[in-house]
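Everything below concerns the one structure shown next.
Numbering (our numbering), first residue to last: 125 to 317.
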């Protein structure tokens, strides 16, 4: 195994959050890069929200940055910096990962919901035909709502501390499911398994 740790020709990936101290992705990815002998590294970077525009301009100007993993509070802001996106990111206007395309523009995706759905399936749970109560409609919650609708949930009730955000997400995802509404949920008639 070759210990690359990044040369001058390294492909650089960024983990963006504020704060970023909770991030485990850099350690995981750097271990994978090392195991595979890749001249790549992931760097955790924290950026204050008021500095985001200047920060993103720098990320875009740095030619060897190939991709960014995005966490709070930047999933929506980064999505809007992208020239193209997978439908699951475009539908909810949120990205948890972006990659640089050949022309230098960014391509967005959001697989937070995909991972959650895969976990449900691995645990023997199905979404199709179910009524869902979802608490939280931020970046990861938006991705989850989209994926729940794609999996055939017949109703999704969304509760969020920011009612406007919940209503916006409901409008974005509603065309994908029979019943999607933003409301303060009542638990009457719900079963928990």
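Think of the CB as a built atom: it goes at the ideal place given N, C-alpha and C, for glycine as much as any other residue. Bear in mind the structure is a predicted one, so any value in this text is a computation, not a measurement.
Task: Beta-carbon proximity list for residue 317, same chain, < 7 Å, skipping 5 on both sides - done: Low per-residue confidence applies at residue 317: pLDDT is 45, beneath 50, and the placement is therefore not dependable, though the value from the model is reported in the following sentence. Closer than 7 Å at Cβ, skipping near neighbours: no residue.
Task: Limits of the unbroken beta strand (DSSP E) element including residue 258 - done: 255-259
Open item on the list: Just to confirm the assignment: which complete beta strand (DSSP E) runs, minimum length 3, are found wholly within the segment 186-239?
Closed with: 189-194, 221-224 and 230-233
TODO: Report yes or no: do the segment 272-282 and the segment 254-264 share at least 3 C-beta pairs separated by less than 8 Å?
DONE: yes
Open item on the list: Going by C-alpha to C-alpha distance, which of 211, 172 and 247 sits closest to residue 197?
Closed with: 172
Task: Minimum C-alpha distance to residue 283 - residue among 293, 276 and 277 - done: 293
Open item on the list: If you reduce the DSSP assignment to three classes, tell me which class residue 167 lands in.
Closed with: strand
- [ ] Just mark residue 181 as buried or exposed, buried being the case when its beta carbon has 16 or more other beta carbons within 10 Å.
- [x] exposed
- [ ] Please report the residue range of the alpha helix (DSSP H) in which residue 290 lies.
- [x] 287-297
Open item on the list: Can you list, in chain order, the residues of its chain with a C-beta nearer than 8 Å to that of residue 286? Leave out the 5 residues immediately preceding and following it.
Closed with: 261
TODO: For residue 265, count neighbouring C-beta atoms within 10 Å of its own C-beta (all shown protein chains included) and say buried if the count is 16 or more, exposed if not.
DONE: buried
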